[in-house]
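First to last, the sequence lines map onto chains A and B.
Counted from 1, the first sequence has number 213 at position 213 by this note's numbering; the numbering is strictly sequential.
Counted from 1, the second sequence has number 439 at position 181 by this note's numbering; the numbering is strictly sequential.
Ideal Cβ positions, reconstructed from N, Cα and C, are used throughout, including at glycine.
Let me begin by presenting the structure, written as structure tokens, before commenting on it.
Number of protein chains: 2
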Amino acid sequence: MARPAAKKRSTAKSAKRPAVKKRRRSLPLYQQVDNIIRRRLVDNVWKPGDALPSEMQLAAELDVSQGTVRKALNDMVAENLLYRRQGLGTFVSEHTERRALFFFFKIQGKDGSSSLPESELLDCEQTDPTKDEVDRLELEPGAKVVRFTRVRSFQNVPCIVEGIALPQELFPDFGIELQPPNNLFRFYQSIYGVTVAKARELISAVSATRKEAGLLGIKAGAPLLQIDRMSMTIDGRPVEWRVSRCNTSNHHYVSERG
Amino acid sequence: MARPAAKKRSTAKSAKRPAVKKRRRSLPLYQQVDNIIRRRLVDNVWKPGDALPSEMQLAAELDVSQGTVRKALNDMVAENLLYRRQGLGTFVSEHTERRALFFFFKIQGKDGSSSLPESELLDCEQTDPTKDEVDRLELEPGAKVVRFTRVRSFQNVPCIVEGIALPQELFPDFGIELQPPNNLFRFYQSIYGVTVAKARELISAVSATRKEAGLLGIKAGAPLLQIDRMSMTIDGRPVEWRVSRCNTSNHHYVSERG
DNA sequence: CAGTGGTCTAGACCACGCG
DNA sequence: GCGTGGTCTAGACCACTGG
Chain A
1 MARPAAKKRS TAKSAKRPAV KKRRRSLPLY QQVDNIIRRR LVDNVWKPGD ALPSEMQLAA
61 ELDVSQGTVR KALNDMVAEN LLYRRQGLGT FVSEHTERRA LFFFFKIQGK DGSSSLPESE
121 LLDCEQTDPT KDEVDRLELE PGAKVVRFTR VRSFQNVPCI VEGIALPQEL FPDFGIELQP
181 PNNLFRFYQS IYGVTVAKAR ELISAVSATR KEAGLLGIKA GAPLLQIDRM SMTIDGRPVE
241 WRVSRCNTSN HHYVSERG
Chain B
259 MARPAAKKRS TAKSAKRPAV KKRRRSLPLY QQVDNIIRRR LVDNVWKPGD ALPSEMQLAA
319 ELDVSQGTVR KALNDMVAEN LLYRRQGLGT FVSEHTERRA LFFFFKIQGK DGSSSLPESE
379 LLDCEQTDPT KDEVDRLELE PGAKVVRFTR VRSFQNVPCI VEGIALPQEL FPDFGIELQP
439 PNNLFRFYQS IYGVTVAKAR ELISAVSATR KEAGLLGIKA GAPLLQIDRM SMTIDGRPVE
499 WRVSRCNTSN HHYVSERG
């Protein structure tokens, strides 16, 4: 740490160049550390799966104590941005199958079973956005969207119809040279370096249109669960707008608190 | 704290009576502290709204350092069991209107507005449980339930029909001498000392029965959002089984992550 | 074995709320 | 002014992982 023993914090740093501001009416140190690390995640200095430097190294670099770094890291672990493994290090979270399943995909079989459904692409294009898409994805004038729809099935039983819109700016070539795979979030991350960190879902009950009824093998007008989801990056930029309409005869949406 | 300065932890406590086990292949100290405090919450030693002793007092009583108490308390604050106010103290969480609104009641107007709906009781009785109720509420043979149904309205527009079942054991006289008020969780807490700390919801889309359609002023067969919720105490005992069926023409269920 | 994160302590000063 | 929780440091030992 290369710092002299100090009895009083107020004088301890007076002779050092401040890598981190010494907090006169400013943010707490651990939040400044948090912000610095968060910035590096946004900038892909450390990519998903990478190990961060050890707490001691970070503390030395940022000229704070190990405990302060630890508090910042623990906060980010609680947010699911990082994870730690004793004896190994601290790592940047990835969109693994497991994570997708437990963090973002909340549909389960009525027997409690949980698995990612298969997807069948219906159509996919780059095009001009609708007014809603401009609002939701916070698009600049002239910006385009990638828009596609698909049907998702559990054990070959069609169950979900969903429409997805992405800001084309973040996903060049998508929809022209590249087709979307089943696990979208991992695709966004590994191909485009865009990591989804937050999501907000608005859920309601609707009636199946004739077209949806045909795709799902149900009657027109049957009740469907509509999940309208906005996904955002760590710094709050919109990444994806998805509207899923689900036949809940054999599945339901699960929400736990506490 | 009344403890001699100690250079080595392994010998520091050898001459003291252990209020807390000194962790030989046992739980970490802060988890033992957590469990002790949790126990006192379950036993209503400290009731909702009460201030806990200060960190220093707890540390002295339990013969650990203030930092260890702090970690235990912070974990429980993260779980919403406690809250802290700088300069004042640490307090046991209550089921205030605000908390009910933001933690357990996730229905919002489509304009983003959020308020608790009014309730109209339809019927209320103490009776023998159905088989499902025995399962869900983990009832002993011979145990009874309190069961009631109500219609909830936003600005006098009926919107939700819900059926609720409680283990009668936890709520004596309820349904006979006492009628349920609008804010149930606060009622459970203030009258019966039962605090809901956890909930799990299963959500699906269903069709309105003729009876529901009449109550909500919609057509039979219209889509409703069904929320099937189990509520539990801090130590996992079932408190309430509630099935709400909501007209989502003007409202939706909100779920946020990250 | 060395290096990592995990637990625990002790003690400093800061910021807030109240009398 | 005093007591509360909030921040920050320094340093000890524990437990796990890998070579």
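Select from the options the residue whose C-alpha is nearest the C-alpha of residue i.
i, options, result
"residue 510 of chain B", "B:401, B:366, B:495 and B:298", "B:366"
"residue 213 of chain A", "A:246, A:241, A:199 and A:104", "A:246"
"residue 353 of chain B", "B:469, B:308 and B:516", "B:308"
"residue 129 of chain A", "A:46, A:177, A:167 and A:217", "A:167"
"residue 106 of chain A", "A:235, A:201, A:209 and A:236", "A:201"
"residue 240 of chain A", "A:76, A:60, A:98 and A:149", "A:149"
"residue 349 of chain B", "B:378, B:490, B:285 and B:306", "B:306"
"residue 437 of chain B", "B:491, B:369, B:378 and B:357", "B:378"
"residue 405 of chain B", "B:411, B:415, B:431 and B:398", "B:431"
"residue 182 of chain A", "A:204, A:151, A:206 and A:210", "A:151"
"residue 288 of chain B", "B:321, B:310, B:311 and B:300", "B:321"
"residue 75 of chain A", "A:111, A:34, A:191 and A:234", "A:34"
"residue 133 of chain A", "A:242, A:254, A:249 and A:248", "A:242"
"residue 236 of chain A", "A:32, A:97 and A:42", "A:42"
"residue 68 of chain A", "A:32, A:46 and A:99", "A:32"
"residue 429 of chain B", "B:356, B:342, B:446 and B:358", "B:446"
"residue 342 of chain B", "B:310, B:403 and B:373", "B:310"
Can you list the residues of chain B that residue i reaches, using a CB-CB cut of under 7 angstroms?
i, result
"residue 206 of chain A", "481"
"residue 209 of chain A", "Result: empty, since nearest Cβ-Cβ is about 12 angstroms, beyond 7 angstroms."
Considering only the beta carbon of each residue, do residue i and residue j sit closer than 7 angstroms?
i, j, result
"residue 400 of chain B", "residue 302 of chain B", "no"
"residue 313 of chain B", "residue 328 of chain B", "yes"
"residue 244 of chain A", "residue 162 of chain A", "yes"
"residue 137 of chain A", "residue 238 of chain A", "yes"
"residue 257 of chain A", "residue 457 of chain B", "yes"
"residue 463 of chain B", "residue 248 of chain A", "yes"
"residue 317 of chain B", "residue 324 of chain B", "yes"
"residue 351 of chain B", "residue 375 of chain B", "no"
"residue 231 of chain A", "residue 513 of chain B", "no"
"residue 110 of chain A", "residue 250 of chain A", "yes"
If the cut is a Cβ gap below 8 angstroms, which residues of chain B does residue i touch?
i, result
"residue 197 of chain A", "516"
"residue 127 of chain A", "Per Cβ cutoff of 8 angstroms: no residues; residue 127 of chain A is ~27 angstroms from chain B at best."
Using the beta-carbon count (16 or more within 10 Å), is residue i buried or exposed?
i, result
"residue 454 of chain B", "buried"
"residue 123 of chain A", "exposed"
"residue 345 of chain B", "exposed"
"residue 206 of chain B", "The shown model of chain B, from 259 to 516, leaves out residue 206 of chain B, and the question about it has no answer."
"residue 5 of chain A", "Note on residue 5 of chain A: pLDDT 38, under 50, position unreliable in the model; the coordinate value appears next. Result: exposed."
"residue 113 of chain A", "exposed"
"residue 186 of chain A", "buried"
"residue 102 of chain A", "exposed"
"residue 266 of chain B", "Reliability fails at residue 266 of chain B, whose pLDDT of 41 lies under 50, so the model's placement of it is uncertain and the value that follows must be treated cautiously. Residue 266 of chain B is exposed by the Cβ-count criterion."
"residue 157 of chain A", "exposed"
"residue 296 of chain B", "buried"
"residue 155 of chain A", "exposed"
"residue 284 of chain B", "exposed"
"residue 330 of chain B", "buried"
"residue 461 of chain B", "buried"
"residue 57 of chain A", "exposed"
"residue 127 of chain A", "exposed"
"residue 449 of chain B", "exposed"
"residue 272 of chain B", "The predicted model places residue 272 of chain B with a pLDDT of 37, which falls under 50 and marks its position as unreliable; any figure quoted below should be read in that light. Under this definition residue 272 of chain B is an exposed residue."
"residue 17 of chain A", "Only weak support exists for where residue 17 of chain A lies, its pLDDT of 42 falling under 50; the coordinates are left without a value."
Give me the chain B residues within the contact set of residue i, using Cβ-Cβ distance strictly less than 9 angstroms, ordered along the chain.
i, result
"residue 64 of chain A", "Near residue 64 of chain A there are no residues of chain B at all, since even the closest Cβ is about 17 angstroms away, more than 9 angstroms."
"residue 80 of chain A", "515 and 516"
"residue 27 of chain A", "Correct list: empty, because the minimum Cβ distance to chain B is about 16 angstroms."
"residue 253 of chain A", "459, 460, 461, 462, 511 and 513"
Could you work out which residues of chain A lie near residue i, taking near to mean beta carbons separated by less than 7 angstroms?
i, result
"residue 458 of chain B", "256"
"residue 506 of chain B", "204 and 205"
What residues of chain A sit near residue i, judged by a beta carbon separation below 8 angstroms?
i, result
"residue 361 of chain B", "257"
List the residues of chain A whose Cβ lies closer than 9 angstroms to the Cβ of residue i, in chain order.
i, result
"residue 326 of chain B", "By Cβ distance, chain A contributes nothing, its closest Cβ being about 14 angstroms from residue 326 of chain B, past 9 angstroms."
Whether or not the stretch 77-86 of chain A and the stretch 222-231 of chain A are in contact is what I'm after, with contact meaning three or more pairs of Cβ atoms, one per stretch, closer than 8 angstroms; do they touch? No, they do not touch.
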